[in-house]
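Read the structure below first, then the notes.
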Amino acid sequence: MNLKTYLNLYELVKIHKGTQEENRAFGLEYAKIKSEPVKQLEVWTKKHTPTLRKPLLSDTFSTYLYGMTLTLVIIAFLLGFFSGVGLLSYSGHEPVNVIYFMAMVVLFPLVTMTLTLFSMLRANASQSLLVHISPAFWMEKILRFLPKNVQSSLQELKINPLLSNWLIIKRSQLLALMFSFGLLIALLGMVITKDIAFAWSTTLQVSPKEFHGLLHTLAFAWRDVFPWAVPSVDLIEQSQYFRLGEKLDTQMIQNASKLGEWWKFLAFATLFYAILLRFGMWFLSIFGFKKALKRSFLSLEGVSTLLREMNEPIITTSATAEKKNVVPQGSHYRLEVEDLDSSYDRTLGWAMSDEELRVLNDSMQVIAPMAFDVGGTNSLEEDNEIISKCKGEVLFYVKSWEPPTMDFVDFLEELMRVVDKVILAPVGTVEDTYLPKSKELEMWGRKLQKINSNKVWLKK
Amino acid sequence: MTNQHPKFAVVGHPNKGKSSIVSTLAFDDAVQISDTPGSTIKKQNFPLKVDGKVLYELFDTPGFQRARRVLAWLEKHDVSADKKHKVVQTFINEHKEDERFQDEIELLEPIMSGAGIIYVVDGSKPYGEEYEAEMEILRWTGQPSMALINLIDDTNYVDEWKRALGHYFKMVRVFNPMEANFTQHLNLLESMAQLNEEWTGPVKASITLFKQYYEQMLEQSTRTITHLIYHSLSHVERQSLDHEEATADEKETIQSNYKEALRRYEQESQKKIEKIWNHDHLQKVQESLLFEGMDLFSKESASIFGLTRKELLITGATGGAVTGAGIDLLLGGSTLLLGSAIGALVGGSGAFFGFNELSDVKVLGQNLGKKYLEMGPMKNLNFPYILLNRALYHASEVASRSHALRSVAKFEMGQSFTERWMDESIRKTLEKFHSKFRSGDEVKTEDLKEYENIIKSILKRLIDS
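First to last, the sequence lines map onto chains L and H.
In my numbering, each number is its position in the first sequence, counted from 1, plus 25.
In my numbering, each number is its position in the second sequence, counted from 1, plus 467.
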């Protein structure tokens, strides 16, 4: 898991997400790593990276980042080295005040590391002030010196703020480390090449004993193992330097060889505060960056869908082929009667009992010499026999709610051969007082329209 | 044998809701449902597939058209009960090219290839003797069968249907595809599993899978809602400026773009949720509906879906107090908890007076010295509740909607909807997350997951109720 993989995944989920089937096939192929989403994403990214357009955004970004970091690392080292040289420059007229150097190797690292710790805690804030004051943040500004095409591809890149904050924090630690190396090299170089008389001087009322107490505390990490690297009270007393005193204190001149002993303390302070602790911070930032990278992997837009597609079974319940339906045409049948006559030659009832038929005739106030129930449980032969008994005008009751089946249509067609006129009367349920619904009448109308016979009339 | 998975053919008289039942059982709103009899002219299969493997298959079939003629043909063959199914097969073979029996052949074919029979009748209409020929034909096939009484209208003839169907089917169930919830759906599957001992395993596995499928849909919906709220609250609209100060037109443009972006988020989220629940073909009337027609930023919308001014005051005060408490904590309590008190006061009054405000429009400097206008993230405390209320209402309605319904969806949410899911403790919990979403900071995945879980429990409750 690294930044390059993250950037490749960033591009892939934007451009090539794969179909649900492809992603599920991948999930099944790598079922062993189902419980490790980051690993799944890594393997998936590796598999699909060849589909990305070259040059890869990850390569462009890494090259830019590497180049920028290297430049800044060199600058930081040189800055540290020359700062060290400047702080330790000794003309022979005045001793070198250790307090300046201590401030640079103890106070400055402690303050910046505290700020770093705060920025680590606030790393998930998209606009963390502490991150913005970091020198690494200004690496972005160098972007404008890059070729236009690189600029545009990088400007489109929207890295997770958490990740970019950690990236800056990590790079800052590296730069600070290089700066500290520069200081240490400068100290060692100056000590080797020059005989430096170290002294300490302050406007504050600090006695050598108190100063020794402070140094003793600062040297807590090495004082037991390397006691010679902690200045003694004597040395501190001998190396105290007053600007208004003699040009050079006679006592200091007498102990000139001892004054150089300070370098051990300064070297250890640099090693511990500016380098060792900074190393710790650097490792912490690497750890934080890795964690942020892992989180960013999972929070990348589209990744949760991708993981879901990989890990959840594809359940489909839909039809295999689209169904083609018959679209109903027309609704108003041209041959309609408003009222029934008082008598007909025959009355028929489709799938109705004799009793129902009788009740219907009574309720419609219709008289007919013969009434037959047809369809339903009748055999086809029975129906044919009834047809043969029909003639003249026939009132034909049907259940309005039951759709006209082809069985009914066959019967009607046979009936039309022997009679002059058929009045088809759809009747509703008893609850509806035999009144059909308009929707049902439309249904019957459509069917009769299809039959298209001048003999069949629909009772509205 | 290649086709060992259970198959079920949904058969019956024309226009009795066979397609509606299939549509519901298959979670598919693409099934063509029509009130015109004979609209299904070809059988259609709906396999339940898991990673390509078929667990069971449903067949939507045309209705019987010439049942008496088919039965007459069958009855001409005087055979013992163990040979009756062969007669049916002979009928199919001999009449394959006969146009008169195409519907019967379409519906009998899957049955004769091993499908269980689900005979559908309309229990809202009286029983009729014309059904007996159909049931008799089905008996001839010798396949395991059950009857489903579908209630298309409000009238109820279930008892007389039960009495009649009891003569032909071992199992009779009432199932209303328009109103059936997920549990009823699973109960029906349980019944189908009992038709044949060999089918019990696969159908039970399908039930487990359906539960998983349902859970997946629920999780995807809550994830979609969570992202909607998060993206809407944290959205920042930017617009480049060529000069120092923004003109009124430019301010208006950014405001309208900002609102448009949030509306787009909501529309996309709704579409996604409809897709998750297989309601891709959902028809919504945009103008005449309260829900869709109501502008996300209108005052009516705010008062119906969101918090009242009083609730806002409390919400703002809580948020302010949390910030203030942070100051107290930082200063080791030396402020005598004044931070919390002041925070609550400022937060509360800010929320009260900022009722209609969404976000400030700021002019900011950019890296390369350019100026730009910026609007967002959302600062209106009411907004997340308006959005969440709408999202929850929409999701719960879509999730509960039958796939058999083809009517236009009417999302009419009354004020009482909020009371169905929101109480003081939920509001407080949600506010904690809303302020994080509003902060513009990167929100931890765990936080989003936690929010998702809250939404999931609310949505589940709403769907179940």
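For each residue, glycine too, the CB sits at the ideal point set by N, CA and C.
Query raised in the report: Which chain H residues are close to L:Ile-221, counting only those with a beta carbon under 9 angstroms from its beta carbon?
Result: Those within 9 angstroms of L:Ile-221 in chain H number zero; the least Cβ separation is about 44 angstroms.
Requested in this report: Going by CA-CA distance only, name the one from H:His-861, H:Thr-608 and H:His-694 that's closest to H:Glu-571.
Outcome: H:Thr-608
Query - Extent of the continuous beta strand (DSSP E) run through H:Val-639 - result: 638-641
Report task. Could you tell me the distance, in whole angstroms, from the CA atom of H:Ile-604 to the CA atom of H:Val-537? Result -> 8 angstroms
Report task. May I ask you to report which of helix, strand or coil DSSP gives H:Gln-511? Result -> strand
Query - Assumed close pair L:Trp-375, L:Phe-433 - CB separation to whole angstroms, cut-off 8 angstroms - result: 6 angstroms
Requested in this report: Grab the span of the alpha helix (DSSP H) containing H:Pro-669 for me, first residue to last.
Outcome: 664-701
Query raised in the report: Apart from the five residues on each side of it in sequence, which residues of its chain come closer than 7 angstroms, Cβ to Cβ, to L:Met-389?
Result: Leu-365
Report task. Could you spell out the range, first to last residue, of the alpha helix (DSSP H) harbouring H:Thr-714? Result -> Per DSSP, H:Thr-714 belongs to no alpha helix (DSSP H) and is neither H nor E.
Requested in this report: Check the Cβ-Cβ distances between L:Glu-456 and every residue of chain H, and say whether any is below 8 angstroms.
Outcome: yes
Query - For L:Leu-437, three-class secondary structure by DSSP - result: helix
Query raised in the report: Using a Cβ-Cβ distance under 8 angstroms, would L:Ala-344 count as near chain H?
Result: yes
Requested in this report: Quick one: which residues of the region 529-563 of chain H get their C-beta closer than 8 angstroms to a C-beta of chain L? List them in chain order.
Outcome: Gly-530, Phe-531, Gln-532, Arg-533, Ala-534, Arg-535, Arg-536 and Ala-539
Query raised in the report: What does H:Thr-622 reach in chain L if we use C-beta pairs closer than 8 angstroms?
Result: Thr-454 and Glu-456
Query raised in the report: Of all the CB atoms in chain H, is at least one closer than 8 angstroms to the CB of L:Trp-426?
Result: yes
Report task. Work out the CA separation of H:Glu-891 and H:Leu-676 for me, nearest whole Å. Result -> 36 angstroms
Query raised in the report: Can you give the Cα-Cα distance for H:His-472 and L:Asn-386, rounded to whole angstroms?
Result: 53 angstroms
Query - Local conformation of H:Gln-610 per DSSP, three classes - result: coil
Requested in this report: In angstroms with no decimal places, state the Cα-to-Cα distance between L:Glu-439 and H:Lys-509.
Outcome: 27 angstroms
Query raised in the report: Excluding the five sequence neighbours on either side, which residues of its own chain have a C-beta within less than 7 angstroms of the C-beta of H:Val-555, listed in chain order?
Result: Leu-541, Leu-575, Met-579, Trp-607 and Thr-608
Requested in this report: Compare the C-beta of H:Phe-900 against all C-beta atoms of chain L and say whether one is closer than 8 angstroms.
Outcome: no
Query raised in the report: Apart from the five residues just before and just after H:Val-625, which ones in its own chain have a Cβ nearer than 8 angstroms to its Cβ?
Result: Gly-590, Ile-616, Leu-618 and Val-641
Query raised in the report: Closest by CA to H:Asp-495, which one among H:Arg-894, H:Gln-679, H:Ser-869 and H:Asn-724?
Result: H:Ser-869
Requested in this report: Could you list which residues in chain H have their beta carbon closer than 9 angstroms to that of L:Thr-218, in chain order?
Outcome: Under the 9 angstroms cutoff, chain H gives no residues; its nearest Cβ is about 44 angstroms from L:Thr-218.
Query raised in the report: Skipping 5 residues on each side, what residues in its chain have a beta carbon closer than 6 angstroms to that of H:Phe-820?
Result: With a pLDDT of 40 at H:Phe-820, under the threshold of 50, the modelled position of that residue is not reliable, and the figure given next carries that caveat. Once the five neighbours on either side are set aside, H:Phe-820 has no close Cβ partner at all.
Query raised in the report: Between L:Asp-379 and chain H, is there a C-beta pair that is closer than 8 angstroms?
Result: no
Query - Collapsed DSSP secondary structure at L:Ile-221 in the structure displayed - result: coil
Query raised in the report: Taking the C-alpha atoms as reference points, what is the distance between L:Phe-314 and L:Phe-51?
Result: 28 angstroms
**Report entry** Own chain residues within Cβ distance below 7 angstroms of L:Asp-220, not counting five before or after
**Finding:** Gly-285
Requested in this report: With DSSP as the reference, label L:Ile-40 as helix, strand or coil.
Outcome: helix
Report task. Could you tell me the distance, in whole angstroms, from the CA atom of L:Ser-478 to the CA atom of H:His-552? Result -> 39 angstroms
Query - Alpha-carbon spacing of L:Val-231 relative to L:Leu-90, whole angstroms - result: 47 angstroms
Query raised in the report: For the candidate residues L:Val-452, L:Leu-302, L:Ser-60 and L:Leu-81, whose alpha-carbon lies nearest to that of L:Leu-182?
Result: L:Leu-81
**Report entry** Whole-angstrom C-beta distance between H:Ser-863 and H:Leu-915, which should lie under 8 angstroms
**Finding:** No, H:Leu-915 and H:Ser-863 are not in contact; Cβ-Cβ is about 21 angstroms, not under 8 angstroms.
Query raised in the report: For L:Thr-94 versus L:Arg-196, is the C-beta distance shorter than 8 angstroms?
Result: yes
Requested in this report: Starting from H:Ile-853, follow the alpha helix (DSSP H) in both directions and report where the run begins and ends.
Outcome: 850-867
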